[in-house]
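Protein chains in written order, with the working numbering: chain E, 1 to 293; chain S, 1001 to 1293.
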C-alpha cells in the first residue's frame, strides 16, 4: 500500500541545502515528521512547524515507518545506514529506507541486502535539479530497488519531484545519476573550452550565443551555465567539490565494470586542478577560469 | 546595395551534399547561376535548370558578381581562392567572395587581404545544420568580414539559412564555427561515455532518457545523437573525418592564440582512433563504439 499521511510517520536525516526544503514538502503534505541532522539549528523551522527532533539516527529510525536520507558523501551514507547505532539496525520491521544522496551504486546494493535481512525495503533515489528543484519540488528522482517498494514510496517522491522514474534493482538509481554526471562532466569542459576560445578570438558573447545556442552545441550546459560564464558568474549552482565526489564514484564503478572513460577521467583531473587553485566552492562552470587567458 | 536577382550573377563552386542544395536555393530565388565543381555530373540538375557550367574557377569568377564556395578542406579553399588561375586573380573588381566551407580563420583573413588588393570584398561564412539544414534552407550562418559586405550578401544568405549572424571581421565566422565544434567535441564524448556506462550497468534506454533527457545533461547531442546511439544507429549525420578536420583547425588556431584545450585535444585523439578502426564514414555518434564493451 502506498504511504499516506494517515498511516506513515517519516524520518528525515540530513537537512542541508537540499534536504531542508525536501523535508519541508513532506511535512506540508501532512506527514508526521521526525528529523535528525548534524547541526540541530538547521532543523529549527521544521521543529517549529511540528517535527520531532531526535538525537541519533537510531532513535529516529525506531520512531519512523519510512526513513529518507539526504547526506553528503558515501561514507556518510554508510555511517547513517550501516554504522553502530544506525538506521538499519534500529528500523521498524517492514519500514521503507530511502537514500536520496548521490552515492555509490555498490553501497546502495549492500544497504539493500542488509535492510532485507531486517525485513526492511530500501531504495536508492538520487535526484537532479539542484537547490532550486528542491525548493520548487521539481526534482528529477531516479530510483533503484524493488518495484513494489518504489510504488509504495511514490506519494513521498511526488511531494518532492516531477520526473520520477524507476530505473531497476538496487543501485540502478545511483547508476542513472552517474550516467547523468558522466555526460555533464565532459559537456561542461567542452562549453568552457569553446567559450574560452571564442572570447580569446574576440567574438561578442551575444553574437556567439545567437549563432550556436540553438544548434548542435545547444543544451543546459551551454545555454544556462555558458550564459553565466559569459557574465563572469561562477557562483554555485552545483559545487565543484560535490562534482568531484560524483566523478570519483563514477570512475570507481566504471573500473569495477571494466569500462574505460577517458573523458570523465580527464574532467576529474581538471576539476581537481580547479579545486586545488581555490575553486572548491565555485559552481561547476568555474572550470572556465582554468582555460581563459 | 544588397545583391538581387536583377543585378547579380552568382558563381557557385563545390556542389557536394551541402553545396548542391544551397546552390539550388540561390537558383530558385531567380539569380543567374554559374557553377563549377570537381565532378561535372554533380552539376547536371542545376545545368538543366539553366545554370552555366564553367571548366575552371577562373572562368566562373570572371562571369560572376558574387562567388560562393562550399568545398572540402582548407587546402581546397586555398587552391580555389589563391592558387594559380583561381578566384581572387580572376574576379571582377568589386565582386563579393563568400567562402561557406568550414575552414581556417587565419586563411580567411589571408583571403580577405588578397581580395582587398584586387578591389573585392570577401566573407567567411561557415554554416551549421548539416545536410538537412542545407536542403531545408534552415542553416545557421556565421559570417566574418566587412559589415557592409555582409549586409550586401544578406539576400543570398537568406536563401540558404535562418539564423544569420555577423560575428566580426575577417575570420570571425570561422572562429564562431570553431567555438561550436569545440563545445560539440567534448559533449559527444560525454554523451557516449555516459550511455556506455548506463548500458553496461544494465539500465533501460527508455527509463534512462526519461530521467536525464530534460535536465542538466539534456541538449542536441544527448537528445538527438544519444537517441541514435541507443538504437545502434551510427549513420552520418556529421562525418567523423570532417569532424577531425574541424578539430585539427581549432587546435591549430588555439595554439596560435596560446590557449590550451585539453578536452578538444583528447576528443581529437579519440576520433582519430575511431577513424583508424574503420569509423571514418560514421556519424560522430559512432564514437560510442570506442567505449562500449
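Even for Gly, the Cβ is constructed at its ideal location relative to N, Cα and C.
Indicate the three-state DSSP secondary structure (helix, strand or coil) for residue i in the structure shown.
i: residue 1142 of chain S; result: strand
i: residue 1012 of chain S; result: strand
i: residue 102 of chain E; result: coil
i: residue 260 of chain E; result: coil
i: residue 92 of chain E; result: coil
i: residue 130 of chain E; result: helix
i: residue 1063 of chain S; result: coil
i: residue 1173 of chain S; result: helix
i: residue 46 of chain E; result: helix
i: residue 162 of chain E; result: strand
i: residue 68 of chain E; result: strand
i: residue 213 of chain E; result: coil
i: residue 1202 of chain S; result: coil
i: residue 219 of chain E; result: strand
i: residue 1119 of chain S; result: coil
i: residue 1039 of chain S; result: coil
i: residue 1136 of chain S; result: coil
i: residue 1075 of chain S; result: helix
i: residue 1150 of chain S; result: helix
i: residue 246 of chain E; result: helix
i: residue 231 of chain E; result: coil
i: residue 1007 of chain S; result: coil
i: residue 29 of chain E; result: coil
i: residue 1110 of chain S; result: helix
Can you check DSSP and say which residues form a bridge with residue i?
i: residue 81 of chain E; result: Note: residue 81 of chain E sits in no beta bridge, so no partner.
i: residue 1300 of chain S; result: The structure shown does not extend to residue 1300 of chain S, since chain S spans only 1001 to 1293, so no value can be given for it.
i: residue 24 of chain E; result: In the DSSP output, where bridge partners are listed per residue, residue 24 of chain E has none listed.
i: residue 124 of chain E; result: E:99 and E:144
i: residue 1283 of chain S; result: S:1239
i: residue 187 of chain E; result: According to DSSP, which records beta bridges pairwise, residue 187 of chain E is partnered with nothing at all.
i: residue 296 of chain E; result: Residue 296 of chain E falls outside the range modelled here, since chain E spans only 1 to 293, and no answer is possible.
i: residue 1168 of chain S; result: S:1144
Nearest by alpha-carbon distance to residue i: which of the options is it?
i: residue 135 of chain E; options: E:13, E:28 and E:260; result: E:28
i: residue 225 of chain E; options: E:291, E:11, E:177 and E:284; result: E:284
i: residue 1039 of chain S; options: S:1056, S:1133, S:1242 and S:1266; result: S:1056
i: residue 1106 of chain S; options: S:1084, S:1133, S:1077 and S:1087; result: S:1077
i: residue 84 of chain E; options: E:59, E:201 and E:101; result: E:59
i: residue 1175 of chain S; options: E:207, E:166, E:150 and E:154; result: E:207
i: residue 251 of chain E; options: S:1168, S:1232, S:1172 and S:1194; result: S:1194
i: residue 1233 of chain S; options: S:1263, S:1264 and S:1282; result: S:1282
i: residue 82 of chain E; options: E:72, E:286, E:112 and E:158; result: E:112
i: residue 1116 of chain S; options: S:1259, S:1146 and S:1080; result: S:1146
i: residue 16 of chain E; options: E:45, E:91 and E:140; result: E:45
i: residue 104 of chain E; options: E:288, E:248 and E:275; result: E:248
i: residue 71 of chain E; options: E:114, E:63 and E:126; result: E:126
i: residue 1049 of chain S; options: S:1291, S:1065, S:1069 and S:1026; result: S:1026
i: residue 1217 of chain S; options: E:245, E:156 and E:181; result: E:181
i: residue 1062 of chain S; options: S:1261, S:1042, S:1011 and S:1043; result: S:1011
i: residue 1132 of chain S; options: S:1269, S:1231, S:1043 and S:1237; result: S:1237
Under the rule that 16 or more other beta-carbon atoms within 10 Å means buried, what is residue i, buried or exposed?
i: residue 1163 of chain S; result: buried
i: residue 1109 of chain S; result: buried
i: residue 1202 of chain S; result: exposed
i: residue 1001 of chain S; result: exposed
i: residue 1020 of chain S; result: buried
i: residue 1161 of chain S; result: buried
i: residue 4 of chain E; result: exposed
i: residue 1099 of chain S; result: buried
i: residue 74 of chain E; result: buried
i: residue 253 of chain E; result: buried
i: residue 187 of chain E; result: buried
i: residue 24 of chain E; result: buried
i: residue 1293 of chain S; result: exposed
i: residue 93 of chain E; result: exposed
i: residue 256 of chain E; result: exposed
i: residue 54 of chain E; result: buried
i: residue 1273 of chain S; result: exposed
Does chain A have any CB closer than 8 Å to the CB of residue i?
i: residue 261 of chain E; result: Any reference to chain A falls outside this structure, whose protein chains are E and S.
In chain order, what residues of the region 1090-1102 of chain S put their CB closer than 8 Å to some CB of chain E?
Of all residues in the region 1090-1102 of chain S, none has a Cβ within less than 8 Å of some Cβ in chain E.
Which residues, taken in chain order from the region 1129-1157 of chain S, show a beta carbon closer than 7 Å to some beta carbon of chain E?
Within the region 1129-1157 of chain S, the qualifying residues are 1129, 1140 and 1142.
Selection of the region 255-267 of chain E by Cβ proximity to chain S, strictly under 8 Å
Answer in chain order: 257, 258, 259, 260, 261, 262, 263, 264, 266 and 267.
Beta carbons nearer than 8 Å to chain S: which residues of the region 202-216 of chain E have them?
Residues of the region 202-216 of chain E whose Cβ lies closer than 8 Å to any Cβ of chain S, in chain order: 202, 203, 204, 207, 208, 210, 211, 212, 214, 215 and 216.
Which residues, in chain order, does the region 1167-1183 of chain S contribute to contact with chain E at a C-beta distance below 7 Å?
Contacts with chain E (Cβ-Cβ distance below 7 Å) from the region 1167-1183 of chain S involve 1167, 1168, 1172, 1175, 1176, 1178, 1179, 1180, 1182 and 1183, listed in chain order.
Mind listing which residues of the region 1182-1196 of chain S have their C-beta closer than 9 Å to chain E's C-betas, in chain order?
Residues passing the 9 Å Cβ filter: 1182, 1183, 1184, 1185, 1186, 1187, 1188, 1189, 1190, 1191, 1192, 1193, 1194, 1195 and 1196.
Between the region 1220-1242 of chain S and chain E, which residues of the former have CB atoms less than 9 Å from a CB of the latter, in chain order?
Listed in chain order, the positions of the region 1220-1242 of chain S with a beta carbon within less than 9 Å of a beta carbon of chain E are 1220, 1221, 1222, 1223, 1224, 1225, 1226 and 1238.
Residues of the region 1016-1041 of chain S with a CB closer than 8 Å to any CB of chain E: list them in chain order, please.
Shown here is that no member of the region 1016-1041 of chain S has a Cβ falling below 8 Å from a Cβ of chain E.
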